[in-house]
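Student: Would you mind keeping the following structure in view while I ask a few things?
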Amino acid sequence: MDNSLSVAQARYLKARSRHKRRILAGQILLFFLFVGIWELTARTGLLNDFIFSSPSRMVSCFLSMTKDFSIFGHIGITLAETIGSFLLVMACGILIAMILWLFPSLAELLDPYLVMLNSLPKSAMAPVLIVWLGNNVKTIVVAAVSVAVFGSIMTLHTGFKEVDSDKVKLIYTLGGRKRDVLLKVLVPSSVPLIINNMKVNIGLCLVGVIIGEFLAADKGLGYLIIYGSQVFKMDIVMMSIVILCILSMGFYRLISALEKHVRKR
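Following this line, the structure appears as structure tokens:
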């Protein structure tokens, strides 16, 4: 019985591994097919390479900017701003969501304002932030935080309210207090929720940073996009967009790796 079970498990794991390899191969093939069609249509004139650029021109642009290391400076600045704003969003989101959970009356009082602030188009606030904070990194980070923090607070608070009520009652039955519920039930059971929230927030923070760099930066990938569009250097614009796609994918993979590590433990 045990042998047949282990054989079935081995077949399942082998089939699962084969499926993953096929998906990965299909993704790689799809990527190279897209790049090849883009390059071919640009070279044959079906696409205007002045407007749409081409993969080879983007690679050439990237290599030329690596000679003076300028591209690495722009990438590094955007990375630092994104990571800084992401850490602020997660810290503020978790802390404020816990406070709202501890004080339900305060949560009811602030609920319409959180909804309003979360729905507000953050790009409309960017010029105001420049006036308040100046044309500097603080404006960019605050703009990025404002994009994600209100939604993060609402999502985490909603998740905290849905914690297992039986476990909460057990803590109180054993003489525990609300602090014990917070530390022994709420936080441990909310780890998957927090990690899923991290996956969403890292992308939103990157979007917020780019919005801020559009208006208040002289360095960074957002600045490169604006600069390239103003001087009609679409190679720079498209190259910066591709780098942003790679960064966003890298961030997501890192958080997914963290999720796997947490699940194993």
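Taken in order, the sequence shown gives residues 7 to 271; the numbers are from this note's numbering. For each residue, glycine too, the CB sits at the ideal point set by N, CA and C.
Identify, in the order they occur along the chain, each residue of the same chain with its Cβ nearer than 7 Å to the Cβ of I83, setting aside the five sequence neighbours on each side.
Tutor: In the sequence shown, counting from the first residue as 1, residue 83 sits at position 77. These residues qualify, in order along the chain: K225 and G226.
Student: Helix, strand or coil: how does DSSP classify D170 here?
Tutor: The count along the sequence shown starts at 1 and reaches residue 170 at position 164. DSSP places D170 in coil when its eight states are reduced to three.
Student: Within this structure, are the beta carbons of R28 and D241 separated by less than 8 Å?
Tutor: Here residue 28 refers to the residue found at position 22 of the sequence shown. Here residue 241 refers to the residue found at position 235 of the sequence shown. No, the Cβ-Cβ distance between R28 and D241 is not below 8 Å.
Student: Assuming L212 contacts I159 (C-beta within less than 8 Å), just tell me the rounded distance between them.
Tutor: Position 206 of the sequence shown, counted from the first residue, corresponds to residue 212. Position 153 of the sequence shown, counted from the first residue, corresponds to residue 159. Not a contact, Cβ separation roughly 19 Å.
Student: Are I201 and V187 closer than 8 Å when you measure CB to CB?
Tutor: Position 195 of the sequence shown, counting from 1, holds the residue named residue 201. Position 181 of the sequence shown, counting from 1, holds the residue named residue 187. Note that the C-beta distance between I201 and V187 is not below 8 Å.
Student: I think E87 touches I136, with their Cβ atoms under 8 Å apart; what is that distance to the nearest whole Å?
Tutor: Taking the sequence shown and counting its residues from 1, one reaches residue 87 at position 81. Taking the sequence shown and counting its residues from 1, one reaches residue 136 at position 130. About 15 Å; that fails the 8 Å criterion.
Student: Comparing alpha-carbon positions, which option in L106, P110, M104 and A154 lies nearest P127?
Tutor: Here the question's residue 127 lines up with position 121 in the sequence shown. Among L106, P110, M104 and A154, the Cα nearest to that of P127 is on A154.
Student: How many Å lie between L30 and V248 at the Cα?
Tutor: In the sequence shown, residue 30 corresponds to position 24, counting from 1. In the sequence shown, residue 248 corresponds to position 242, counting from 1. Cα-Cα distance, rounded: 20 Å.
Student: At what residue ranges does the region 57 to 133 contain a whole run of the alpha helix (DSSP H), taking only runs of 4 or more?
Tutor: 61 to 72, 76 to 108 and 110 to 125
Student: Kindly list the residues whose CB is nearer than 7 Å to the CB of G209, restricted to its own chain and excluding five residues on each side of it in sequence; keep chain order.
Tutor: In the sequence shown, the residue the question calls residue 209 occupies position 203. Answer for G209: S254, listed in chain order.
Student: Express the C-alpha separation of K20 and S272 in angstroms, rounding to a whole number.
Tutor: Residue 272 lies beyond the range of the chain shown here (7 to 271); nothing can be said about it.
Student: Is DSSP giving K20 helix, strand or coil here?
Tutor: Position 14 of the sequence shown, counted from the first residue, corresponds to residue 20. Correct three-state label for K20: helix.
Student: Please report how far the alpha carbon of V151 lies from the alpha carbon of R22, in whole angstroms.
Tutor: Residue numbering aside, residue 151 sits at position 145 when the sequence shown is read from its first letter. Residue numbering aside, residue 22 sits at position 16 when the sequence shown is read from its first letter. Each residue's Cα considered, the two are about 39 Å apart.
Student: Less than 8 Å between the CB atoms is what I'm expecting for A103 and F166, so what's the real figure, rounded?
Tutor: For the purposes of this step, residue 103 is taken as the residue at position 97 of the sequence shown. For the purposes of this step, residue 166 is taken as the residue at position 160 of the sequence shown. F166 and A103 do touch by the CB rule: their CB atoms are close to 6 Å apart, below 8 Å.
Student: Work out the CA separation of V243 and V191 for me, nearest whole Å.
Tutor: Taking the sequence shown and counting its residues from 1, one reaches residue 191 at position 185. Taking the sequence shown and counting its residues from 1, one reaches residue 243 at position 237. So the alpha carbons of these two residues sit roughly 48 Å apart.
Student: Can you check which of these residues, P198, L221, H25 and I105, is closest to K270 by C-alpha distance?
Tutor: The residue given as residue 270 occupies position 264 in the sequence shown. The shortest C-alpha separation from K270 is found at P198.
Student: How should T161 be labelled, buried or exposed, when 16 other C-beta atoms within 10 angstroms of its C-beta is the threshold for buried?
Tutor: In the sequence shown, the residue the question calls residue 161 occupies position 155. Looking at its Cβ environment, which holds 16 or more other Cβ atoms inside 10 Å, T161 is buried.
Student: In this structure, how does DSSP classify D8 when only helix, strand and coil are distinguished?
Tutor: Working through the sequence shown from its first residue, we reach residue 8 at position 2. A caution first: D8 carries a pLDDT of 47, below 50, which makes its placement in the model unreliable, though a value can still be read off. Helix.
Student: Go through the region 166 to 223 residue by residue and report every complete run of the beta strand (DSSP E) that reaches 3 residues or more, in order.
Tutor: DSSP runs (the beta strand (DSSP E)) wholly in the region 166 to 223: none.
Student: Give me, in chain order, the residues of the same chain whose beta-carbon lies closer than 6 Å to that of D8; leave out the 5 immediate sequence neighbours on both sides.
Tutor: Taking the first residue of the sequence shown as 1, we reach residue 8 at position 2. Because D8 sits at a pLDDT of 47, beneath the cut-off of 50, its placement in the model cannot be relied upon, and the point is left open.
Student: Measure from the alpha carbon of I105 to the alpha carbon of each residue in C251, Q15, M204 and T164, then state which is nearest.
Tutor: Taking the sequence shown and counting its residues from 1, one reaches residue 105 at position 99. For I105, the nearest C-alpha among the options comes from T164.
Student: Out of S246, L260, I261 and S262, state which residue places its alpha-carbon closest to the alpha-carbon of L69.
Tutor: Locating residue 69 in the sequence shown gives position 63, counting from the first residue. Cα-wise, what sits closest to L69 is S246.
Student: If you count every other CB in all the chains shown that lies within 10 Å of the CB of V65, and 16 or more means buried, which is it?
Tutor: Position 59 of the sequence shown, counting from 1, holds the residue named residue 65. With fewer than 16 other beta carbons inside 10 angstroms of its own, V65 counts as exposed.
Student: Under three-state DSSP, which class holds R271?
Tutor: For the purposes of this step, residue 271 is taken as residue 265 along the sequence shown, with counting starting at 1. Coil, per DSSP.
Student: Please identify the residue among P61, K173, E265 and S196 whose C-alpha is closest to the C-alpha of I100.
Tutor: What you label residue 100 is simply residue 94 of the sequence shown in a count that begins at 1. I100 has its Cα closest to that of S196, out of P61, K173, E265 and S196.
Student: When you compare only the Cα positions, how much space is there between G228 and F238?
Tutor: Position 222 of the sequence shown holds residue 228. Position 232 of the sequence shown holds residue 238. Roughly 15 Å between the two C-alpha positions.
Student: Of the residues E45, A48 and I57, which one's Cα is nearest the Cα of S235?
Tutor: As a working note, residue 235 is residue 229 in the sequence shown. Among E45, A48 and I57, the Cα nearest to that of S235 belongs to I57.
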